[in-house]
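Start counting the sequence shown at 3; every next residue gets the next number (this note's numbering). A virtual CB, placed ideally from N, CA and C, is assigned to each residue, including glycine.
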Amino acid sequence: MKSLTKSLALLLTLTAATAAAGGPEVGADPFAHVPAEAPRTWVLGDQRDEFRAFVRSPAGAAYFSRIKSDFDAQYLGKPPPEEPDTYGDPDPRKRTPEIVELWRAAQDVGNRLATIAEAATLIWLATGEDVYLDQAKEYLLAGVRWSQDGVSSIHYNDEVHFRLWRKLPMIYDQIRGHLGENERAEVVDSFRVRGERHMELIRSRRVQDLKRNSIEVNPASHAVRFMACTGIAALALWDEIPEARDWYRFAYEWYRDVFTPWGGDDGGWAEGVAYWRGVIEHGDFQDTLMLLEDPVAYGTDFWKNTGYFMVYFVMPHHTTHFGDLSNAGRFNMEPSVKHFVDHLARVLGDGYLASYAAQYTDPRPLPVEMGLDNLNRMYPTATEYLRREFVATRLEAPEPRPLSDLPNTRYFKDIGWVSMRSSVADPQEDIQLFFKSSPYGSFSHSHADQNAFILNAYGRNLAINSGYREYHRSKQHRFWTRQTKSKNLILIDQRGQDVQDKYATGEILRYETGDRYVWTTGDATTAYRTLETRKRIEEVRRDVVFIDNRYFVIRENVRVARPFMLSWLLHAMEKMDTDEANQSITISKEDAHLGVRLLPWDNSFLYRQWTGFSMPVDPDYVTEEGVAARPWLTAPNVDQWHFSAELNQAREHVVVFSVFWPTRDKGELERLHAELEAEDTLVVRRPDGQVDRITLDNNSFVIE
């Protein structure tokens with residue numbers, strides 16, 4: 003077998019060259035690169051010596067020495083954990099806080115069993131010492147003896163099933179020759195049942211009918227996430243279960259032709275930045291294809307662009323974001339994100355991604371430092387990072403390229419998200435506004451937030467996405483965080499957009515750049531109609547203009563077939579300073595400030611501000627003790643502040659302009675003035691002494 007390093011280097015070149023030359027269709031035969039003999043996953047049969055050399059090399063030893071040290075100190079000779087008990091009705095709609103803890107604890111046990119078995123297998127592959135092989139066998143057999151109808155049933159707790167199925171078959175693939183005949187039969191019989199049930203769920207969720215960049219057929223988030231281990235487990239069981247070849251063909255062709263329903267060529271992920279981490283799981287299948295030297299690996303435009311979804315939306319520091327988030331309502335370039343973007347940089351030879359990953363500042367341990375200290379439900383584990391390093395780190399790292407070469411704004415058309423930033427290269431000096439009007443509606447892990455924006459500056463959260471998701475479908479999550487009222491949005495007669503509704507869609511009508519501006523327009527008419535009692539809403543548009551890389555102007559244009567009341571909403575971490583007489587709001591977060599001027603045409607607003615939530619946060623998540631008990635949290639779920647400006651006079655047509663000026667100098671906001679000269683004409687007197695006269699309507703933008 004030729005050098006893996008050379009093979010990987012040639013892989014992307016082959017993909018591009020074949021496509022450019024109009025040659026044979028890449029990936030036409032899913033079985034073309036499947037090895038004739040096992041093992042077919044993790045470490046192939048003729049790579050054993052190469053793997054042993056890798057774990058002694060600086061790159062491999064950095065991971066392996068910590069894994070082996072932790073294993074020897076904490077797990078060597080320890081019996082497998084007992085199978086957890088079931089805990090009543092598993093329906094997610096019936097979860098209480100107590101059931102959530104049991105649901106999560108079962109995932110922890112499954113992940114612990116599978117990861118210890120994986121670590122023992124990898125240490126045995128590296129050292130040849132039977133003590134590790136014996137423990138791998140013991141844990142593998144313990145796992146396959148868990149009841150197929152118990153807590154690890156895919157129909158009971160699919161997260162426990164997932165944590166077993168994504169590792170145990172591959173462990174068997176490596177050690178099958180060291181199991182007795184009866185042991186092999188027991189493992190294969192168990193895997194046949196688990197695999198059939200896995201495929202039954204996949205098909206029942208209609209994964210086979212999904213379309214790329216589409217929710218025409220409702221994609222199930224978990225079933226989509228499970229596709230990577232579908233294909234890899236099939237390779238592991240290639241010789242033992244005839245149906246496994248069908249499973250592999252299904253997964254291979256799905257990744258080649260469909261992946262992903264959540265995005266398209268632009269590389270976006272409609273479920274949001276936190277659920278983009280699922281891309282890391284899908285990368286496991288791509289890495290397996292790389293291991294097999296299959297040129298389909300990382301070959302689509304989605305893979306080439308999805309790292310930029312992180313570049314433009316995920317900061318080194320924590321910020322609020324669109325969609326479901328588990329970490330106190332915020333997300334950042336956390337260790338797993340940094341590692342996978344670095345991985346993409348190597349695989350794709352992309353120096354911009356390498357420079358972005360170098361912005362990392364999270365204090366939590368990097369994958370190379372993780373070891374086996376905390377084997378809870380989180381993944382990837384250190385053992386998985388070791389395997390990924392074996393596949394790709396020997397590719398030459400790309401030369402970093404300056405992020406200042408990139409445009410500071412980017413439109414992800416596939417999902418309807420726009421990022422407007424003043425400096426992609428310097429996050430601490432960056433002014434950033436994220437805007438969303440998405441064809442994915444409020445489906446899955448998305449919220450009722452078409453035309454919403456989030457505004458941060460100088461590393462601080464200013465105009466935030468409000469609310470928390472302590473766990474999925476908590477009361478706070480359902481009745482506040484998912485709702486339009488928790489966003490920087492508007493309400494029409496106190497109504498917003500429907501939740502969990504794929505038809506509550508938005509649309510980016512415009513993304514335009516000029517010498518002094520970037521202008522985008524979102525249309526959320528369809529989304530607001532989802533909660534109408536009578537179909538009277540005619541138009542709900544929001545224009546966002548980023549001027550001189552310095553400040554933002556936002557215009558609301560709303561038409562309803564009868565007079566209506568509009569509520570204009572804004573949310574922040576801290577109490578806002580409001581001045582109704584001067585039509586101003588100020589948000590401050592430490593050394594960053596945001597001055598807002600709010601200007602309704604031919605109308606006036608009544609201001610209101612409050613703190614807390616209409617649906618309180620689960621008390622287990624608001625204390626430092628609660629955070630300490632939950633390793634995925636970095637901060638308590640504290641109260642936030644909310645502002646509403648209510649129109650004083652009902653109208654059939656409402657136009658509102660707002661000006662947003664971020665600054666480090668709060669004093670300069672006294673020099674920010676704005677006035678409406680006409681329905682479409684705004685004059686902004688800036689703190690820097692410049693005066694901008696802006697004409698903005700549905701069809702044109704002019705700045706003088």
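Could you name the residues that DSSP lists as bridge partners for residue i?
i, result
"residue 434", "423, 458"
"residue 546", "522, 556"
"residue 602", "658"
"residue 664", "596"
"residue 643", "574, 613"
"residue 696", "684, 705"
"residue 414", "419"
"residue 607", "649"
"residue 319", "In DSSP, residue 319 forms no bridge with anything."
"residue 541", "561"
"residue 513", "522"
"residue 678", "684"
"residue 181", "Answer is none; residue 181 lacks a bridge partner."
I'd like to know whether the C-beta atoms of residue i and residue j end up nearer to each other than 7 Å.
i, j, result
"residue 298", "residue 29", "yes"
"residue 521", "residue 703", "yes"
"residue 546", "residue 556", "yes"
"residue 504", "residue 454", "no"
"residue 643", "residue 537", "no"
"residue 231", "residue 186", "no"
"residue 368", "residue 404", "no"
"residue 464", "residue 589", "yes"
"residue 239", "residue 164", "no"
"residue 333", "residue 319", "no"
"residue 198", "residue 35", "no"
Can you tell me whether residue i is buried or exposed? The criterion is at least 16 other CB atoms within 10 Å of its CB, across all chains shown.
i, result
"residue 395", "buried"
"residue 597", "buried"
"residue 288", "buried"
"residue 260", "buried"
"residue 583", "exposed"
"residue 236", "buried"
"residue 256", "buried"
"residue 179", "exposed"
"residue 446", "buried"
"residue 376", "exposed"
"residue 33", "exposed"
"residue 15", "For residue 15, the predicted model reports a pLDDT of 46, less than 50, meaning its position is unreliable and no value from the coordinates is stated."
"residue 612", "exposed"
"residue 411", "buried"
"residue 76", "exposed"
"residue 25", "Only weak support is given to the placement of residue 25: the predicted model assigns it a pLDDT of 46, under 50, and the question is left unresolved by the model."
"residue 291", "buried"
"residue 195", "exposed"
Put residue i into one of helix, strand or coil per three-state DSSP.
i, result
"residue 243", "coil"
"residue 156", "coil"
"residue 361", "coil"
"residue 356", "helix"
"residue 570", "strand"
"residue 453", "coil"
"residue 528", "helix"
"residue 48", "helix"
"residue 58", "helix"
"residue 383", "coil"
"residue 623", "helix"
"residue 589", "strand"
"residue 72", "helix"
"residue 129", "helix"
"residue 307", "helix"
"residue 24", "With a pLDDT of only 43 at residue 24, under 50, the local geometry of the prediction cannot be trusted, and no value is derived from it."
Out of the options, which has the shortest C-alpha to C-alpha gap to residue i?
i, options, result
"residue 574", "249, 584, 73, 467", "467"
"residue 681", "691, 661, 671, 698", "698"
"residue 268", "336, 527, 415", "415"
"residue 554", "585, 513, 651, 659", "659"
"residue 519", "437, 374, 495, 422", "422"
"residue 437", "585, 331, 457, 212", "457"
"residue 391", "44, 35, 36, 32", "44"
"residue 527", "420, 430, 602, 497", "497"
"residue 625", "638, 632, 634, 633", "638"
"residue 670", "389, 690, 684", "690"
"residue 129", "55, 647, 514, 153", "55"
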